[in-house]
Structures are given as C-alpha cells and as structure tokens.
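The structure appears right after this line, and notes come after that.
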Amino acid sequence: MYLKRLEMSGFKSFANRTEFKFVPGITAIVGPNGSGKSNVTDGIRWVLGEQSARSLRGAKMEDVIFAGSSDRKPVGFCEVSITFDNSEQRLAYDYPEITVTRRVYRSGESEYLLNKQPCRLKDINELFMDTGIGKEAYSVISQGKIDDILSTKSEDRRAIFEEAAGIVKYKTRKKDAQKKLEMTEQNLTRIHDLIHELEQQIEPLTEQAKVAEQYKDWKSELKNHEIGLYIYKIQQLRQDWEKSKSEVAALSDRQMSSAAELAQKEALLAELKEKLHQTEQAWENQQADLLAASEAMERAEASQRVFAERVISQKQTKEHVSVQLKQLNDDLDEIAQEREQLRSQLVTKQTEYTQAQQKLQEITEKLEKQTEATDEVDDQLRHDIQTLENRQSVLENELHHLFAQKKMDEGLKAKQDQELERWREKKYVLQVKKDELEQQLTTLEEERKRLRELEQKLRDQLQEHLTEEQQLRQEGDLLQKKLTQLQSRYESLKEIQESREGFFYGVKEILRARDQGESSLSLVYGAVAELIEVEPRFEQAIEIALGAGLQHIIVANEDTGRAGIQYLKRNRLGRATFLPLDVIQARTIPRAEFEKASTHPAWVGIAADLVRYDPSVQAAIYNLLGNIIIAENLTGAQQLASRLRYRYRIVTLEGDVVNPGGSMAGGSQQKSKSNILSRSRQLVELESELQQGKKRMSAWKERLQSKEQFVLQIRQQMNDNQLEKEKQNEQHREFLAKQREYQLEQNHITERLQQLIHQQQQSVAQQINYENKRSELEKEYAANEEALQERSQQLSKIEQQQSEIASAKEEFQVELVDAKVYVAELRQELEHHQQGIERLERNWQRTLEQRRASESQLQETEQITLELSEQRDQIDQEFQAAQQKKQQVSDRVQEIRQSREAQLKEREEQEYVVRQLERQLKKEQDLSHQQEVRMNRLDVELNHCLQKLAEEYELSYERAAREYPIPEEPNKVERLVRSLKQRIAALGEVNLGAIEEYSRLQERFDFLQTQEKDLLEAKQRLYDMITQIEQEMGVRFSEAFTSIRAEFQEVFVQMFGGGQADLRLTEPEKLLETGIEIVAQPPGKRLQNLSLLSGGERALAAIALLFAVLRIKPVPFCVLDEVDAALDEVNLSRFTRYMQEFSHHTQFIIITHRKRTMEGADVLYGITMQESGVSSLVSVQMEALVASEKQAAVTRETQA
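Numbering-wise (UniProt numbering), the sequence shown opens with residue 1 and increments by one.
Following this line, the structure appears as structure tokens:
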C-alpha cells in the first residue's frame, strides 16, 4: 500500500487543479520560500480530517480556500483528493484503489467523499484507525512539528506511542462506552424517580377499590327503587299534561274567532287607507300642476321683459353704426389725397439722385491718375531700407544673445560655486549621520537583549496559566455532570406533573378536558392540590388534613360542576368531587374557642391559614380546612382536643390525627420524594437549583474564558514580542544597509566635488571667447548704420513730392465726401417717401374693411328689429293662456282638499274599532300562553324523568315499565332512595376507575422494574467492557513501548555516530496515563534531558525516534516538512541514508531546501509562483535524468 496521487483545486495557493503523482520510494518537493510547498502537507492533513484551522495556519476553515490575487478573483470552494493503492487490502475496504475527497465552500458547507460516495468524517477516521495514517498520526510531520515531539509535556508525547501500539481504536471504543455509561446513569436516575413515585400512588388505590365495591352494591339497590319512582312520576305528569292540552285547544278556538273578526275590520281599514292614499296622490298631482302653471306664467312675464330690453338695445346699436360709417368715409378721402402728394415728390427725388451719382464718379477718376506716378520710386527705397533694418536687427539679436550667454555663464558659475559649497555641506552632514547611526546600533542591540529576557518570562507565565486552565476544565466537567443530573430529575418530575400522575382518573380527565378547551369546563379553576402552596414544614400535616380533598375540583358555579359530572358520565371517565364557589360555604372555628385553643403551646394554627392561595377560591379552602387545627405533636393535639371537648379535627405536623369524638389515627408513613402537594414546590426548587447550577456553569465559563483570554493575551504578548524582535532585526538590517548607503553616498559626493572644480575651469575659457566675438559684431553693426542713414535721406525727398500731391488729393477728397453725403441724403429721402406710400396703402385697406363690417352690422340690426316685432304678439298670447290655466288648477285643488278631510275622519273611527278587537285577542292569547307554559313545564319535567332514566340507567320508559314494578307506597320508597343516596354521599369521593388505574399503574411499575434491571445489567456490562479495553490497551502499550525503546537506543547511536539515549515512563504503574521522558547523551556529552540539547541535536533525536517507531510499525507513507532544516551536512547524510533504507517499506514525501536531500530523492517536484499568488508544479524523474546523463556521457566518450 502506498500514496498514489494527490489532487488539489482551489486549496490555499493552488488555485488551478494540480495533481501530484507519487511512486514508491522518496519524493522531494522543493521550491523557494513562499511558493506554497507546505500547502501540500496542509492539504494532506486537511483531507485526512484536520478540524483545527489554526493547525492549518489560518483563523477559520474558509481561509483554506484560494482568496484571490492581484490578477485573479477568489474561488467559491476548494477540494483535495488523496488516492491510495490498496491492492494488498491493508485497508478494510474491498477496492484496489481508495480515494478520499474533502470539499469546503465559502458558505460554510463541507462534505467528505469515499470513492466519490458521500460519507462521514467518522467513516474516514475508522478506515485509517491504527494504520499510522491520519491528521494526528506520525505519518505526517508538518513544518516545525518535529521539535514539538520533544518540546511538549511528557503526557502529551503518548500520542505517537499509542498510534504505534495500535490502541487508538481501543481509546475510541472506551470513549463510546463511557458516553453510553453516562446515558445509562441518567436513565437510571429517571427510572428510580418514576418507580418511587409509582410506589406512592399504588398504596392508596387498594383502599379506594374497596370503597368502590361498596359504592356499586348500594348503587344497584338504589337503581331498583329509583326507577320505580321515575315510572310513577312519569304517569302522573302525563295525566296533568293531557288536561292542560285540552284547555289550550279551547282557548285556541276562541282566538281563531276573534282573529277572523279582527281580520275583517283590518281589511276594511286597509280599503279606507287605500282610498285616502289615492286622494292624497291626486291632491299632490294637482299641487304639482298648480306649481307648473305658476312657473309658466312667470316665464311668460320674464319673456316680455327680455323682449322690451332687446328692442331698446337694437335701436342704440343702429344709431352707433351709422355714425361710425360716416366717419370711415371721411378718413378714406383724406388718405387718397395724401397718397397722391407723396407719389409726385418721389419722382422728383429719383431724378436728383441720378445726377449726384454721375458727379461722384468723375471725382474718383481724377484722384487715381495723380497717385500712380510716385508709387514706383517709393517702393524701391523702402525695400532697401527694410533689408538694412533686417540685417541691423540680426546683429542686435546676436549681440544681445552674446550678452545674455555671458550673463548666463556668469550665473552658472555662481550656481556652481553654490553647488560646490552645498556638496561640501552634504559631506559634513553625512559624517554626522554616520556617527548617529553607530549610536543607534548600540541602543538597538541593548533593546534586543531586553526582548529576549521578556520572551523567557512570558514563556514561564504561559506554562503556569495553562496548568490553571487544565484545573478549571476539570472543575467544569464536575459542574456539568451535576447539572445533567439536576436536569434529568427536573424533567422527570415535570413529566409526572404534566401527566398528573397520582390524581384520580376522573379528576385527571376533567383537568385534561379543561386544558384542551372544552367549552363547558372553561370555569374549572383546578384541583385543590394545584391551587394551594404550602411550606415544606406543613406539607405532611396539610396533606393528611385534606386527604381525598386534595383532588377536589374547584369550579366557579354549580352549572360548571354539573357540566363536569355530565362530561364524566357521558364519556364513562370515572367520578370527581366539585366545589362550586357560588354556593360553597366556609367553615370556621368560633372566636371564643379559637382564643381558648391558640394559647396552648402545641398550637400551630388553623390549616386554612397555613396555606397560600388566590383570594377568589378562599371559600372552598375554608370549607376544607377552615375548622381543622394543626398542632406540634400528638400529645399537644390530645390536650387541645380535650380543651375543645373533642369537637374539631386536629392534625399534627408528623401526620397524626385526633378526630372529632376522640378517635385517633397515626403511625409510620413512607416518605415520598414527590407527593401531589409538594410537586410544584419541588419543581420550583429544582428549577432554582438548575438556575443556580447554570449560573455557576456560566461563572465557570466566564472564569475559563477569562483564563483563556489571559492565556491568549500572553500568547499575543509573545507574538507582539516576536513581532517586535522581528521588527528590530529588520531595523538592524536597515541600519547596516544605511551604513553601506552612507559610504556609497560619501564616495559619490567626492566624485561630484571633482566634477564641479573642472566645470569652473571651463567657464573661465568661455568668457574669453565671448569678448572676441562681441568686438567683431559691433564693427559690422556700425557699417550697416551708415548705409541706413543714406537710404533714409533719399526716401525723405520722395516723401516731400508725395506730400504736394497729397494736398491736391485732399481738395478732391473733400469734394468727393460732400458728393457722397448728398447721395446718401437723397437715398434716405427716397426710402422715407416709399415707406410713407406703403403706410397709406395699409391704412386705406384697413379703413375699407372697417366700413364693410359696419355696413354688415347695420343690416343685421335692421333684420333683428323686424324679427322682434313679429315675436311680441306670440309672447302676449302665451302669458294670457298660463294665467287662465293657473286659475283652473287652483279650483280643482280646493275640491280635493275637502274630500281628503272627510276620508281622514272615517279612517280614525275604523282604527279605534280595530284597536278594541286587538286588545280582546291579546287577552285570549295570554290565557292560552299561560296554559302552554304549564304544559311545557309538565313536558320538561316529564322529559327530565325520561332523561334521568336514559342517562343514569340507560333505559327507555317502555322498557322500565316492563321490567320494574310501580311502588305501592311511593312515599316510603322515596324515603328509602334518599337514605341510600345519603349513605353513598357519606362514602365521599369514590374512584370507580381505581381498579383499572391500579392495574395500569401496576403494569407500568412492573415494566419500569424490568427496565431498571436491564439498565443495571447494561451498566455492569459497560464497566466490564471498559475494564477489558483498559487491560488490552495497557498490554499493547507496554509491548510497543518496550520495542520502541530498544529500537530508539539503537537508531540513536547510528544517527549520532555514538552516544546513548533512553525512553522512561514517568508513572510506570499507570500505563494508560503515564508520560514519557526522553533522555539523550550525544557523543562527548553527559546524559541529559533533550530540552538542554542544541536545535540540531534535538531535531536529529526526534528523527531518530520517528525512525525507531517506523521500525516497529511501518506506515504506508510518511510526509516530512523541512525536518532536515536544522541538520548539518554530516547528520544530513546520515538522515538521507536512513530514509533511503526505509524507502523500501515506507514511501517518503519530503519538503526540503537541502541539496543533499534532493540528491537522495527518486522524484523531484518543484513548486513555483510564475503567476503572483498562484502555485504551479514542475516534476523531474531523477532516475530517468541520471540514466539520460550517463547515456550522454557514453555517447561523448564514443565520439571522442
């Protein structure tokens, strides 16, 4: 069996799916720091079930998922699969190849797969148990863990030995057995509580069953006599009912006659009402017609008024339009005259404008001929002057540039002087910084020494607090065990309380029905035992005082009590006693006798005063306990009874009773842990104890959390101290780097100073060149200046001639301007006249339109006036017709009003007759109702007797009459029935379901005893199994330790080349708990504990122990993460040699930086980060590489 393949996808830095193929032998994984080599080890431990994110160098399990890089986004899940070759069937799984897969998602979900089938972590752990493979097994040694084998406490070092001894599965079985044992203890506690409670309930059921038998006998005798009485009463009630029925029939006939006469009169009255209604309807119609006629007349009058107003309006409009039309005709005449005048003026102005344009053209031609003569000479002179001026400008620019360059060189020289001075200052400052840096290095070294001392102090504190934390955890285990026992007892008692065990069957069913919402039982308050609270001191006395009254049910009224009894009868659920608060009477002791008794030393109090209850049930409590006295002891109770002449019941605190009349009851009574009365109190007490236990547990958790926090703080301080050390180391390296930097800067400053001195020398030579060039330029500038003056004089003569010509041009120019002004004035006048003509044309058109509109309006006015004259006659006729119709309607309304008044009087007379008849009918109906009520009462009584027969005895009247005789002396039989009922009532509460309840409880009691026996047997079997497991573990551990010890002694000598080493048990008599100490004596040293060895010696000793274990129990593969980091070359050669020897039996995967280890490997895997943050894989087959190199060497020799 060997590790065949490892696949990782999205795990830490392996963002892409990466596959490692392993072969038997040695596989080395190499790569630079930070490339992700150790992630391979973490992946193997993780897929094998590692649950600690801290062990995987993370804060939470989601940290193992690739978190992204600068170029990649994070992934949503990671997956690792590990494949084993199982062809030898070393794993108990019938497959030649086994693949274990683990996935985790960012949402927190995770899953395990075994050959691609979902499974549990437990399945994987069991598969690899005692094979040396697992997250904590010695087959995977993570980075930095090789030293932990020797550095941890001796007790913690057992794990590697237990794995080698093969007792891990036994430890797992032992833990499972201990968990089962703990559950068995809890179940036994509950069983004991239930059995004890049932024992208290079975005892009183025997007495209740005897009372139930007596009750059945008397009930049977009562049945025979009471049924005969019911038959006698039914016959009497039936005769009375028949008599009432005949009287009701006679009254019904009289009612029918009166009702017929009343109906006739009501029909006549309805006819009169209908006629009156028709008359009123006609009157309302005439009123509406009268209103319509009045409105028509008013409308005609309004039309006349409107007509007159319209005639006046039309006359005014006609006059206004006539005046307006005359005014528009006058305006048209004026516009026509003005338009003719403007047209004649426009023709005159156009002629003048043409003449002015011709004169302007003549003046312009004369000016152009005079200016053409002098232009050519002037242009040539100006060109020569421009050329000379340009050259003069060039010379001036060169002189100016030369001057500027000289000035710039002078400034540059000044800057060079300043820079030279600045560099000299830099050199001085740099020397000061070097001195300061030397001082800082001295201070830093002292601080590093202080941090090393602080680290040792923190390590000591951490060890001390870890010990205290272990003690706290042991204390918490004890608290948790006690809290579990309390919780179990509380749940058991609560279950008894909720099921109301110990209550009579009928009481229990009534309370259950009330709780389930039975409407008829909504006013049931509860059993007395549920409604009172008693101090523990008085519980026994109150329980004896109440007796069966503990289970009496308090209800609000008699109706609720009857409903409860009917419910029990209907469902055959037994019996119960009810205490209705609306009729129950309190019983008390007279004041005089109370004062006489309360002075006695044995007096405790009235029983009702010693209990707590809701004030609403006070009457029921005092009815039960108001006349019962509680005394200290039996002697005191007898003295109190004598003082009160044995008239009251007295109960002692121990439960002894002195009854009225002097009889006594008492004796021993079995103590009950949870009787009916004390259950509520015990539940409260247990709940309080549970709360206190939880508070203590919470306080313990806070203390543990505080201790863990303190340990965490110390670890944090150690981490901070380590970070500070690293920071100071980094600072030390920075200071050394600065030293080198300062030296380089000093060299640079020296070179720069030399450069500046050379530049100053070059600047002096350039100054001399500038002076020579400036002299040549000034000479050429003077020659150009003379030529420029000569050309300027010639140009002055030409300009004088041009001045004379310009004077003549000015005269023409003035004349030309005057002509242009005159032309412009003429053009403006022409435009003004044209605009005036256009304005008059628009006014002409607008006036014509207004005149046409006025003429049209005048015609319309004349037409409207004509139409109004025609309408006037029609409006007058309509007014006269409306006036005549209104008079006719008024006369008709008066006639209808008189007829309506006569009909109203007749209706009132008829209504009086109907009311008289209704009174007579009502009187007859009352008499009939009285007889019906009597008949119904008789019917109810008859039904009640029949219902009594049906409900109490399940008999019909006919069957009862056939089977039971009618008593000859009903009164005597009735007295006998009352006597039997009194004797039955004297029995008190009778539990008819006692026998059935007793049978049920006894059956449960037997069942629980059987369960108790089975649990005790199971408990003993678990103890035996744990003992056998511990014995087997001890034997295996002892054998494995002896073998490993011998191998370690031999391997140590071979690895170190001498010396000696040994393994010792700290407590040999306790093989299952003993720690293991390792002592070693390297060559040339004395025997000492490994903690005193150097780092390389400790690492080599740990490797020796690992190889010793592998000799005893080889594992299929072994993963080693940089275990060779602390070894020197000699020890590294020994380690490599040993690993090669073991590679025939164990497959090695080693992560290393050492060249010699790489040389000993069969396969090399390289881990790189070609992409930032993403690990990638490169593999090399060393054997193939060596073979190819040999072949290449042979080829080269052959060619040579």
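Don't be surprised by glycine CBs; every beta carbon is placed ideally from N, CA and C.
Note that this is a predicted model, so its numbers are computed, not measured.
Anticipated Cβ contact below 8 angstroms, residue i with residue j, distance rounded
i	j	result
Gly574	Glu475	With 8 angstroms as the limit, Gly574 and Glu475 do not qualify as a contact, their Cβ atoms being about 52 angstroms apart.
Val617	Ala637	Contact flag wrong, Cβ pair sits at about 27 angstroms.
Phe538	Ile630	7 angstroms
Arg681	Leu493	With a Cβ gap of about 11 angstroms, Arg681 and Leu493 do not count as contacting.
Leu472	Leu704	5 angstroms
Met1033	Val30	At roughly 41 angstroms, the Cβ-Cβ gap does not stay under 8 angstroms, so Met1033 and Val30 are not in contact.
Ile1167	Asp1121	About 12 angstroms; that fails the 8 angstroms criterion.
Leu1015	Thr484	Wrong, their Cβ atoms sit about 16 angstroms apart, outside the cutoff.
Status (buried if at least 16 other CB within 10 Å, exposed otherwise) for residue i
i	result
Ser81	buried
Ile966	exposed
Ala607	buried
Thr131	buried
Asn285	exposed
Phe1007	exposed
Thr1027	exposed
Three-way DSSP call (helix, strand, coil) for residue i in this model
i	result
residue 1210	Because the chain here runs from 1 to 1200, residue 1210 falls outside it and cannot be looked at.
Lys84	Before going on, a small fix: residue 84 reads as Phe here, not Lys. Residue state, collapsed to three classes: strand.
Ile589	coil
Glu968	coil
Arg5	strand
Pro204	helix
Met935	helix
Tyr95	coil
Gln470	helix
Ile1078	strand
Val889	helix
Met718	helix
Span separating the alpha-carbon of residue i from that of residue j
i	j	result
Lys707	Gly10	37 angstroms
Ser674	Tyr112	Low local confidence applies: a pLDDT of 47 at Ser674 is under 50, so the model's placement there is unreliable, with the coordinate-based value given in what follows. If I take the Cα positions, the gap works out to 50 angstroms.
Gly993	Leu251	55 angstroms
Ser1043	Asn125	26 angstroms
Gln551	Val507	7 angstroms
Asn115	Met1139	31 angstroms
Leu229	Glu242	21 angstroms
Leu1001	Gln201	8 angstroms
Phe428	Tyr742	Going by the sequence as given, residue 428 is Tyr instead of Phe. Approximately 12 angstroms between the Cα atoms of the pair.
Ile542	Ser698	39 angstroms
Lys4	Phe84	5 angstroms
Glu1097	Gln1054	13 angstroms
Phe161	Gln739	54 angstroms
Arg733	His1153	24 angstroms
Lys671	Asn943	Residue confidence for Lys671 is low, a pLDDT of 49 falling below 50, so the modelled location carries little weight and cannot support an answer.
Ile532	Asp515	19 angstroms
Pro970	Tyr232	8 angstroms
Ala561	Glu518	Here residue 561 is Gly; the residue named in the question, Ala, does not match the sequence. One C-alpha to the other measures close to 13 angstroms.
Glu219	Lys179	In the sequence as presented, Glu is not what sits at residue 219; that position holds Lys. So the two alpha carbons sit approximately 58 angstroms from each other.
Short CB-CB distance (under 8 angstroms) between residue i and chain C
i	result
Glu958	Absence of chain C from the displayed structure is noted, only one protein chain being present.
Closest residue to residue i among the options (Cα-Cα distance)
i	options	result
residue 1213	Gln691, Arg907, Lys413 and Lys326	A query on residue 1213 cannot be resolved here, the shown segment of the chain reaching from 1 to 1200 and no further.
Tyr964	Ser258, Val104 and Leu955	Leu955
Lys273	Lys905, Trp423 and Ile1151	Lys905
Glu558	Ile584, Glu996 and Trp46	Ile584
Glu298	Lys1070, Ala882 and Val1119	Ala882
Gln755	Gln416, Pro24, Ser107 and Ser257	Gln416
Leu458	Asn86, Val711, Leu753 and Asn971	Val711
Leu987	Arg45, Glu207, Ile496 and Gln920	Glu207
residue 1279	Thr599, Ala1102, Leu127 and Glu593	Any question about residue 1279 goes unanswered here, given that the chain covers just 1 to 1200.
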